[in-house]
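A short write-up of the structure that comes next.
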Amino acid sequence: MEAFVHPPRQTADDGESGLRRAAGLATMVQRVAVAANEAASLEEAAAAALAAVSDFTGWPVGRLHLVDGAGALRPTSVWHPAVSVESAVDSTVDSAVDAAHPGADIDLAPVLTFPVLVGTEEVGALEFFGAGQLDDAAELDAVLGILGAQLGRVVERERAAVASRRNEELNREIIATAHDSFISLDASGRVTEWNRQAETQFGWTREDVLGEVLADLIIPPEDREAHTRGIQRYLEAGHATNDGHAPNCIGSVLGQRVELEAVDRSGRRFPIEMTAWAVHDGDHVVFHAFIQDITLRKAVERDLEHRSMHDPLTGLANRGLLIDRLSAALEQTGATGTPLALLFVDLDRFKNVNDSLGHDAGDRVLVAVADRVAGALREDDTLARLSGDEFVVLRPATATPEEAVELANRILAQLEEPFLVRDTEAYVSASIGIALASDATVSAEKLLADADLAMYRAKERGKGVLELFDVALRIRLTDRIETERELRRGIEDGELVAYYQPLIDLGSRRVVGVEALVRWQHPRRGLLLPDSFIPMAEETGLVNRVGDWMLREACRQMKQWQAELADPPSWVAVNLSVRQVERPGLVDTVTGLLAEYGLEPGQLLLEITESAIMRDAQAGIERLWRLRELGVRISIDDFGTGYSSLNRLRRLPVDSLKVDRSFVADMFVSTGGTALVEAVITMSHSFGLRVVAEGVETVEQLRELFRLGCDEVQGYLLSRPIPPERLGALCGPVLAAEVDQQLNGERPRQPAPS
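One point on numbering: in our numbering, the residue at position 366 of the sequence shown is 894, and numbering is uninterrupted.
Here's what the structure looks like:
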């Protein structure tokens, strides 16, 4: 094999040779740089680089290695000079030598390898073969890193191209399969892109619309000219503008998410949400937009808005919508001076419907009530349901109070006929409060509160009536609120006190029991009787706290009397409110107090009014039976003022009944008064019930009750309610002797002082 001839070694005095060598290095670097910039692939650039290095060094053979997916450096089919694919691997170098030097006999070996780098990442290498080393490769070593980095740029460019192609494919796939319509327009407003969802949404195929003016396809006719002008203004200004002339065109809403109206191929109009943007490419601009059909969303929003402002049961306006309309009506009243009326309608005894027929039936009655009341209204009136059985009518233009009263009477008349529910007739009346406004100085909430207050006044006067609000009502309301606040504080501060009124057995003439009566020792107003605060306590629910205190205090006092008095009363009577009877924990409360103070059940008598025990509240009656079975006494107070019958009382857990003071007072005043009391006593005894007469104030009344066979009496003639420490003086023989004297007609006795 012929000896390979190396380039002559450069010497210090060979300046011309050094210049040629430097020029050769520069030429080599330039060739590789040009190849790196212009080559379409790394393989193409590497082939040029192999040739350039070989030409400079005289090495006859070079090849390209690439790093595979496992990180290993693998030879490729890129050689210098080029070798056919058919050449055997073992003879590739020889084939390359033959291609470069036909007929030469050269003994080759690897001379140099340098990496191809992307940053610091080695992605390949160039390997060269020759018969020997360069005498001085310092110049070459200095530029090898540059050559590797230049080739690495080709790899970077290839990677970027691959990523770009992938992104373009991904973007096209995303756009094609997007759930929203994707539309592109050129500067003239013609369609350049139209995805599958746009085809579905608007009814036009991609082939139908490409090159067509978008405004003629999906924009309502009245907005098309404005759309075209908006795009033109954008092109002229170079940015989005919105001067109010074309608020709904792409040119004025770029970069925003807006709700518009569109039209499909069939002419159907529907709401859309559009997000549009512009892309500039040199002097050209393309508009893109994602469009979503929001018909369903708008329907849901309307439904939610309706639900938020309407009662779910009746479909009427709720409190929020009523306040909105009332506020607007008050503004109109302030502007025109035309008064308005607000009617607060509250159903009477509606709880009885729920208790007797069930809540489902009660709901049906409420819906029917809404329909009937609506039948009495004008088209511009508002009927609202606030909660439960409360309705409000707003009449925005009422000339006189008489017109408001007439409207209220029409509503009451609409409710006179019974409501048929499950083949059962339910009767419902209403109490109506009316508040008027002739200017805008009153707020909506304040006017509603005034009507509410008037309604409560109507209920106090009786059911099925109406009441006009006046200033006196507000004063009473203020007093009630203040009384409620003070009573809450008074309960906490121990201001409640108990007084006791004796009950005299007419057979033995002795005190057999006492009735516990609550008083309020007000720090400013003095000792207050129940009538001044108990009605308010019943309305607010405070009566439960007052009643619980009274039960505990009566049991405690009874225990103290047993320890201190030689002849204590046999029992203490405590009045129960309806709310207490309806509470599920009543039996447990009474049982616990009896155990706490060591009392026998028979030493406690619970009084409940006749109207309360006749409410048909089955749960409350069952609680009274449980107490009676424990041995607690049960008595009906104020008998004769309700609607019960003696025959029905026979089936209730009752030990005694108390004839109301009005019947006692009428015995010598009205015809048949004495006969009525006698009938009550006789029939009660036939049922095994004891009879107590309250309100006894004269000797004549006492003697007549004794003659009629009444068992027990109480009243001012014998003793007013007294503090507990004064009871001992009445429980002895002195009072018994005085009662005996009165019954025998010896000397008259005046009512006992308070």
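Just so you know, even glycine gets a beta-carbon here, dropped at the ideal spot from N, CA and C.
All values reported here derive from a predicted model rather than from experimental measurement.
Under the 8 Å Cβ criterion, the stretch 1217-1226 does not count as touching the stretch 1248-1263, having fewer than three qualifying pairs.
Between Leu-1233 and Glu-1135, the alpha-carbon positions lie close to 21 Å from each other.
At least 7 Å separates the beta-carbon of Leu-875 from that of Val-933. In the pairwise beta carbon analysis, the stretch 915-923 is classified as touching the stretch 859-871: at least three pairs are separated by under 8 Å. By a beta-carbon distance limit of 8 Å, Leu-1034 does not contact Glu-1266. Their separation comes to about 13 Å.
In the three-state DSSP reduction, Tyr-762 falls in the helix class (H, G or I). In this structure, DSSP gives Gly-1201 a helical state, which the three-state scheme calls helix. The beta carbon of Gly-1159 sits closer than 6 Å to those of Pro-1129, Gly-1130, all from its chain and outside the five residues before and after it, given in chain order. Here Val-606 has Glu-571, Ala-574, Ala-575, Leu-578, Arg-591, Leu-592 as same chain residues with Cβ atoms under 8 Å from its own Cβ, once five neighbours each way along the sequence are excluded.
Residue state for His-808 is assigned as strand, using DSSP reduced to three classes.
Excluding its 5 nearest sequence neighbours in each direction, Arg-900 has C-beta neighbours in its own chain below 6 Å: Gln-942, listed in chain order. Residue range 1099-1103 is occupied by the beta strand (DSSP E) that includes Asn-1103.
According to DSSP, Tyr-1028 shares a beta bridge with Ala-1044, Ile-1250. Counting every other CB atom within 10 Å of its CB across the protein chains shown gives Gln-1146 a total below 16, marking it as exposed.
Secondary structure note for Val-828: its alpha helix (DSSP H) is the uninterrupted segment 823-837. Restricting attention to Gly-848, Thr-842, Ile-819, the CA atom closest to the CA of Glu-833 is found in Gly-848. Under DSSP, Ser-1184 shares a beta bridge with Ser-1163, Arg-1218. A straight-line Cα-Cα distance of about 31 Å links Glu-1066 and Pro-840. Taking 7 Å as the cut-off, the Cβ atoms of Leu-672 and Phe-656 do not count as close.
At the C-beta level, Ala-898 and Thr-842 come within 7 Å of one another. In the structure shown, Trp-732 adopts coil according to DSSP, grouped into three states. Around the beta carbon of Ser-1212, 16 or more other beta carbons lie within 10 angstroms, which makes this residue buried. Exposed is the label assigned to His-887, since fewer than 16 other Cβ atoms lie within 10 Å of its Cβ. In this structure, DSSP gives Trp-587 a state outside helix and strand, which the three-state scheme calls coil. In chain order, Glu-650, Ala-653, Gly-676 place their CB closer than 6 Å to the CB of Pro-643, counting only its own chain and leaving out the 5 sequence neighbours on each side. For Arg-906, there are no CB contacts under 6 Å within the same chain when 5 residues up- and downstream are skipped. For His-887, the three-state secondary structure derived from DSSP is helix. Membership of Pro-1261 in the alpha helix (DSSP H) is indicated by the continuous run 1261-1271. Closest in alpha carbon position to Ile-711, among Arg-985, Glu-930, Gln-820, Ala-688, is Gln-820.
The alpha-carbon separation between Arg-877 and Ala-912 amounts to approximately 20 Å. At a cut-off of 4 residues, the continuous stretches assigned as alpha helix (DSSP H) that sit fully inside the stretch 916-981 are 929-942. Following the DSSP letters along the chain, one finds Arg-1154 inside the alpha helix (DSSP H) bounded by residues 1146-1158.
In the structure shown, the three-state DSSP call for Pro-799 is strand. Where Glu-1010 is concerned, the enclosing alpha helix (DSSP H) starts and stops at 999-1020. The three-state secondary structure of Arg-1179, taken from DSSP, is coil. Between the stretch 1150-1159 and the stretch 1101-1116, the count of C-beta pairs closer than 8 Å reaches three or more; the two stretches touch.
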